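A.B. asks:
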Amino acid sequence: DSGVTQTPKHLITATGQRVTLRCSPRSGDLSVYWYQQSLDQGLQFLIQYYNGEERAKGNILERFSAQQFPDLHSELNLSSLELGDSALYFCASSAGQGGNEKLFFGSGTQLSVL
Amino acid sequence: GDSVTQMEGPVTLSEEAFLTINCTYTATGYPSLFWYVQYPGEGLQLLLKATKADDKGSNKGFEATYRKETTSFHLEKGSVQVSDSAVYFCALRDDKIIFGKGTRLHILP
């Protein structure tokens, strides 16, 4: 058990809808990262938050947004969903924001857009 | 921009065989390098890391050496087990973490 909790584990929805994925980091970790894992694109970095502030941005679509709350949990919002958004979405956390930080990953949320 | 390229899978080996999974990178700075492993139905776990040139990371019988001259970080294990069957991701971290696409490893008993 990594200590990172993601909910829900599975999500099935329709095109055009909006969903929210939730992540609770390990106790004491200040950074939260979001990744999308699809069969053709591999693991893609979406965005990182550190202590409530956006720290780094990757290949995140404009239809997607995220935030980190004062209690350090994070939510990833996906809107106007398309079939191609179906993927496994991982959250990870680390204690700080440095380059040698060890990341701890949650088990992921499997999103299926029908 | 920075990138990571790793060998395409799947890789299928018999138990006790020697394993190499190739990984090369491009980076403008001096990144740290990582190997992560994803077992079926689970999230990723850090397997090993190296933070500077010529460093060797090792864990659970796996090794990888940070080779700046060849921009490589190949993963090796001398004798694989069925329990090593998983997806392996090479990654680098400069200002953000970038992963390779992953290599699925099947070990046959």
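So the sequence lines, in the order shown, correspond to chains A and B.
Positions 96 to 209 (this note's numbering) are the ones given, in order, by the first sequence.
Positions 1296 to 1404 (this note's numbering) are the ones given, in order, by the second sequence.
Even glycine gets a Cβ: it sits at the ideal position worked out from N, Cα and C.
What you are looking at is a predicted structure, and each value in this text was computed from that prediction instead of being measured.
With DSSP collapsed to three states, give me the class of G179/A.
C.D. replies: Of the three classes helix, strand and coil, the one that applies to G179/A here is helix, per DSSP.
A.B. asks: Are the beta-carbon atoms belonging to T1315/B and H1401/B less than 8 angstroms from one another?
C.D. replies: Taking 8 angstroms as the Cβ cut-off, T1315/B and H1401/B do not qualify as a contacting pair.
A.B. asks: Chain A partners of I1402/B, CB-CB under 9 angstroms?
C.D. replies: Result: empty, since nearest Cβ-Cβ is about 22 angstroms, beyond 9 angstroms.
A.B. asks: Among all the DSSP beta bridges, which residues are the ones paired with H1369/B?
C.D. replies: Per DSSP, none; premise fails for H1369/B.
A.B. asks: Using the Cα positions of L141/A and T1366/B, report the straight-line distance between them to the nearest angstrom.
C.D. replies: Cα to Cα, L141/A sits roughly 25 angstroms from T1366/B.
A.B. asks: Quick one: what does DSSP say S188/A is sitting in, helix, strand or coil?
C.D. replies: Three-state result, S188/A: strand.
A.B. asks: Touch check for the stretch 1310-1329 of chain B and the stretch 167-176 of chain A: three-plus C-beta pairs under 8 angstroms?
C.D. replies: No, because fewer than three Cβ pairs between the stretch 1310-1329 of chain B and the stretch 167-176 of chain A fall closer than 8 angstroms, the two stretches do not touch.
A.B. asks: With 8 angstroms as the threshold, decide whether the Cβ of K1347/B is near any Cβ in chain A.
C.D. replies: Chain A contact via Cβ: absent.
A.B. asks: My parser needs the beta strand (DSSP E) runs of 3 or more residues fully inside the stretch 1327-1362 of chain B; what are they?
C.D. replies: Runs found: 1327-1333, 1339-1345, 1351-1354, 1357-1360.
A.B. asks: Which residue or residues does DSSP assign as beta-bridge partners of T1323/B?
C.D. replies: DSSP output for T1323/B lists no bridge partner at all.
A.B. asks: Is there a Cβ of chain A sitting closer than 8 angstroms to that of D1390/B, yes or no?
C.D. replies: At least one chain A Cβ lies under 8 angstroms of D1390/B.
A.B. asks: Does any C-beta atom of chain A lie closer than 8 angstroms to the C-beta of Q1340/B?
C.D. replies: Yes, its Cβ sits closer than 8 angstroms to a Cβ of chain A.
A.B. asks: How big is the Cα-Cα spacing for E148/A and F159/A?
C.D. replies: Cα to Cα, the separation comes out at about 17 angstroms.
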